[in-house]
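Here's the structure, in structure tokens; my notes come after.
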Amino acid sequence: MAERKPIKGITTEKTENLIAETLAAMPEKAAKKRAPHLGANEPTSSTCAVKSNKKVVPGVMSQRGCAYAGAKGVVWGPIRDMIHVSHGPVGCGVYSWGTRRNLMQGIPGVTSFPMDFTSDFQERDIVYGGDLKLEKLLKEADELFPLNKGMSILSECPVGLIGDDINAVAKKMENELDKLVVPCNCEGFRGVSQSLGHHISNDSIRDHIIGKFKFKEEAGPYDVALIGDYNIGGDVWAAKPILEEIGLNVKSVWTGDGEVEKIGATHSVKLNLIHCYRSMNYMCKVMEEKWDIPWLEYNFFGPTKIEESLRAIGELFDDKIRKNVEKVIKKYKPVMKEVTDEYKPRLEGKTAMLFVGGLRPRHTIGAYEDLGIQITGAGYEFAHQDDYDRTAPEMAKGTLIYDDVSEFELERFVEELKPDLVGSGIKEKYVFQKAGIPFRQMHSWDYSGPYHGYEGFKIFARDIDMAINSPTWDLVKSPF
Amino acid sequence: MSAAEAAVKFVTETPVEEIERVKEWINTEEYKEKNFERTALVVNPAHACQPLGAQMVATGFEGALPFIHGSQGCASYFRSTFSRHYREPAAATCDAMTEDGAVFGGQNNLFEGLQNAYALYKPKMIPIFTTCMPEVIGDDLTAFSKNAKLQGYIPEDLPTPYANTPSFNGSHIHGYDAMLRSILQTVTEGQKVEGKCTGKLNIIPGFDGNVGNLREYKRILELMGIPYTMLADVSDVFDSGCDGEYKLYPGGTKMEDAAESINGKATISMQKYSSVTTMKWIESEYDGEKAILPLPFGVKKTDEMLLKLSELFDKPIPEELKAERARAVDAMTDAQQYLHGLKFAIAGDPDYLLGIVSFLLEMGARPWHILCSRSTKKFQKEMQALLDTSVFGEGCSIYINKDLWHMRSLLVTDPVAGIIGDTHAKWAARDAKIPLFRIGFPIIDRVNLHRTPVVGYNGAISMLTMLANKFLDIKDETCEDQWFEMMR
């Protein structure tokens, strides 16, 4: 991969000074803890020097969530035909209900369950334990929603603290109801971020679901699974058709608009294609070890990355697929050119800073670059070392890399680098908009989308243009 | 074939007939009964947890930085919820307790958290409240925050009121109540001066996601010439302007005013159920008169509020408010025909429900299904008494400790014209093919509704406009050609 051209006004020294000056405002201990998480990018280094996956420094405004959020919001929630029980007090379920935009097909309450199921723990449940309530709850849920294909139990903080045994309850109820009942010990206090929730969820899918089902139809040479796409704003529905157009059969999707039995039969595919590496690499590795299924990371943001990815996918198949890949690329080239012709003249030379979850700060860079936008800073809420190693080559030398950046730090960085756009989450959105800086909410596509695939790029380009070039920004400074 | 292989099942597809059967079945009386029989499962609750309410209060004082003692994830959820509803920043810090905190207690997290929060964000006050985790392990906030000061993590004189807000008790309105009482206790300590009276009114808006309502109270008080202090005033905090500069503390009740509130001439709460313990405490500690008023939805409840204010401050009702009242009544008589006799379903917090029901009864509409996700028999009685004041309350039902999946059953078996509630009710509304009128918290799928007041006479006109015009829209959108008319 070609190294990025340096960005005007950005040097390693300047970036390091900015970091030092920002840290200087913190108490010594906090500054010492935060320092390893901030750095100037070295694209040629084999490992990114920025440290990650460490505890949040108490008292700073971190944007991180918890293990439960990773389990319910990311991995389990999007499986459409299961009932996902938020086991514990009412809040966690309410806040995570419908707020990640993982769209799903089906009839709500009949064949799909985009709802909030909770045991709404009361004090007595804390005192006496919630196992019996959970048993009863599962029976009630199964009776009222008979077409569910299984249930997941996602434990909230108190469940783990009082020592309830959801695993035993799940086992018992699985027999009694003759349905999949999967426990997931994803209490929010576990680990340091959402990330552990993904891992725990993957482990419970490994232990309880994968390998338990098989497809009726014969396995074919072009069977693949789409791993780590959660159908935010319809992303899966934009990505899947491309794979099908090049001749692959997408047998299951993890987990956006996912169906649990198909997920359980994934071990028969020929290749796993992984989008969100952070949340699902564990499962790809398991399937590789146990069933010898190779896996490939791909990126469907923006035409450059789509083409790169399609060709890489084609390489793993035969001539037929490779020919199809070229056909598809050729077919969409003019469509994509139309998009860039329209938007690039207004966006060329702009800069953006990104801070999102576990893959977008690196995956979307190509799409910005397709529009002529350079990325001056990127970082993650809950990434690990391997994510940063994958990010460094995508960024120009000296650009800012920040892990679990606090609002205090990010504000300071934005103030100094003055990007034309910040792409981050809901909690940051209005902070920057008040300061008159265009913003797109990149966890949820700001209620737009899809952003994946060819279809998504059109929408992405429109949205970025709309954000940066909205005339409303001209009104911010009053004439008096 | 081995046993393990045999255990592998084929991927199944649910037969279309079976889907059709269940689709119809969930709309039946039989299903409704089964649905109402459940005791353990809660589906689509219409309430959130205590700390969310605590954060609202903690945000409402000038320079106050809400501090969540407990898990990082909770803090993220509360902040996101406020940001989604208000489309505003929602600053709050957290001491990010993890496994070791669960084992050793959260004192060290609190120390470090307070130190960092104070150094970085320079607050005038740090209200602290808990999530489930420290509540389950029994962290002692009194001792912890005292120790934090003794050991120099934060200045001795920094106010650090705290509230225990376990999520496994009550709901967001109770967290609101607990945190407000604690803040008032802290800031008024030693401020009471015998015989001194500021001449001001203390007004507590209660858990109200509508910043327009808060501004409307202030406008009314200004029109009446009553000096006031709004306690936990989030109107500017959660409705700040965009002028090119982000301010961490935009507005809020001034600390001096909050401290002086104990010497106020009178204290009123606009929401009974979200200020129970606060008002009890104020009753015993504050000078001046105290009153709990009904949320002023519709004309009668606004009348009640104005009469009370007039009485407390010996001020006449200004001509302008009289004119507003007349305009509201005019609007209501003009448009009553569009709502008269229509049945409504309502879900929300107790005080909101009482207010909305009062307004509907005034319009001659019928608050047919009234559902409160977490409440008490006492509330049920009060609501029944309100229904009993009108013939339009006849046959209406109150459901406490029921959720929006119960509401769905009610809507499909005993249909109504529309449902009033927060965004969460949109699923039930869609299934019942009726409009949802978004009043309450959170409203995360429409813009600006939180800025449009629904209290007072003007609020009554807003609500009426929202309701009546929607039904007219529906008529225009759905009627056959021969019934499509110029006038409605």
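Going down the list, the sequences are from chains A and B.
Add 4 to the 1-based position in the first sequence for this note's numbering, that's all there is to it.
Add 7 to the 1-based position in the second sequence for this note's numbering, that's all there is to it.
Backbone N, C-alpha and C define an ideal beta-carbon position, used for all residues, glycine too.
Values in this document were obtained by computation on a predicted structure and should not be read as measured data.
1) Which word fits V62 of chain B, buried or exposed, when buried means at least 16 other C-beta atoms lie within 10 angstroms of its C-beta?
2) For L456 of chain B, which residues in the same chain have their Cβ closer than 7 Å to its Cβ, ignoring the five residues on either side in sequence?
3) Compare the C-alpha of V398 of chain B against each of B:V364, B:M140, B:R415 and name the closest.
4) Any beta-carbon of chain B closer than 8 Å to the one on I236 of chain A?
5) Can you tell me the Cα-Cα spacing of E369 of chain B and G305 of chain B, whole angstroms?
6) Assuming V194 of chain B contacts P166 of chain B (C-beta within less than 8 Å), just tell me the rounded distance between them.
7) Can you give me the start and stop residues for the alpha helix (DSSP H) that V196 of chain A sits inside?
8) Identify which residue in B:I481, B:S178, B:M237, B:Y128 has its Cα closest to the Cα of D264 of chain B.
9) Does the separation of the CB atoms of G192 of chain A and C81 of chain B fall below 8 Å?
10) Select from the segment 371 to 401 of chain A all residues with a C-beta closer than 8 Å to any C-beta belonging to chain B, and list them in chain order.
11) In this structure, does DSSP put A269 of chain A in helix, strand or coil?
12) Could you give the residue range of the alpha helix (DSSP H) that holds Q109 of chain A?
13) How about P62 of chain A: is its C-beta nearer than 8 Å to some C-beta of chain B?
14) Classify T172 of chain B as helix, strand or coil using the three-state DSSP reduction.
15) Along the alpha helix (DSSP H) that carries M63 of chain B, what are the first and last residues, could you check?
16) In the DSSP assignment, the beta strand (DSSP E) including F359 of chain A goes from what residue to what residue?
17) Please tell me whether G63 of chain A and G120 of chain B are closer than 8 Å, where the distance is taken between their beta carbons.
18) So which residues of chain B does R68 of chain A contact, with C-beta pairs closer than 7 Å?
19) Is the beta carbon of I468 of chain A closer than 8 Å to that of L375 of chain A?
20) Would you kindly work out how many angstroms separate the C-alpha atoms of T284 of chain B and I377 of chain B, rounded to a whole number?
21) Classify E318 of chain B as buried or exposed, calling it buried when 16 or more other Cβ atoms lie within 10 Å of its own Cβ.
22) In chain B, which residues lie with their C-beta within 9 Å of the C-beta of A34 of chain A?
23) Find the nearest neighbour of A39 of chain A within the set A:E46, A:P47, A:T48, A:E25, judged by alpha-carbon distance.
24) Are the Cβ atoms of Q57 of chain B and T172 of chain B separated by less than 8 Å?
25) Just to confirm the assignment, what range does the beta strand (DSSP E) spanning K350 of chain B have?
26) At least one CB of chain A closer than 8 Å to the CB of C56 of chain B: is that the case?
27) Looking at the unbroken alpha helix (DSSP H) that takes in W412 of chain B, where does it start and where does it end?
28) Less than 8 Å between the C-beta atoms of G232 of chain B and K322 of chain B, yes or no?
29) Could you say which of A:L142, A:P454, A:S159 lies nearest to L493 of chain A if we only look at CA atoms?
30) Going by DSSP, what residues sit across from V426 of chain A in a beta bridge?
31) Should H88 of chain A be labelled buried (16 or more other beta-carbon atoms within 10 Å of its own) or exposed?
32) Using the Cα positions of E144 of chain A and R45 of chain B, report the straight-line distance between them to the nearest angstrom.
33) Given this structure, state the Cα-to-Cα distance separating N123 of chain B from S50 of chain A, to the nearest angstrom.
34) Looking at the C-beta of S247 of chain B, does it have a partner C-beta in chain A at a distance below 8 Å?
35) For P397 of chain A, which option in A:S482, A:V196, A:E17, A:I369 has the closest C-alpha, if you only look at C-alpha atoms?
36) Write down every uninterrupted run of the beta strand (DSSP E) in the segment 99 to 162 of chain A whose length is 3 residues or greater and which is fully enclosed by it, in chain order.
Let me lay it out:
1) Correcting the residue identity first, residue 62 of chain B is Gln in this sequence and not Val. Under this definition Q62 of chain B is a buried residue.
2) R445, I450
3) B:V364
4) no
5) 7 Å
6) 6 Å
7) Where V196 of chain A is concerned, there is no enclosing alpha helix (DSSP H), given that its DSSP letter is neither H nor E.
8) B:M237
9) yes
10) none
11) coil
12) Neither: Q109 of chain A is in no alpha helix (DSSP H) and is coded neither H nor E.
13) yes
14) coil
15) 57 to 66
16) 355 to 360
17) yes
18) Q79, S83
19) yes
20) 25 Å
21) exposed
22) E119, Q122, N123, A126, L127
23) A:E25
24) yes
25) 350 to 354
26) yes
27) 411 to 420
28) yes
29) Given that chain A is displayed from residue 5 to residue 484, the structure contains no residue 493 of chain A and the question cannot be resolved.
30) A:M357, A:F443
31) buried
32) 6 Å
33) 34 Å
34) yes
35) A:I369
36) 154 to 159
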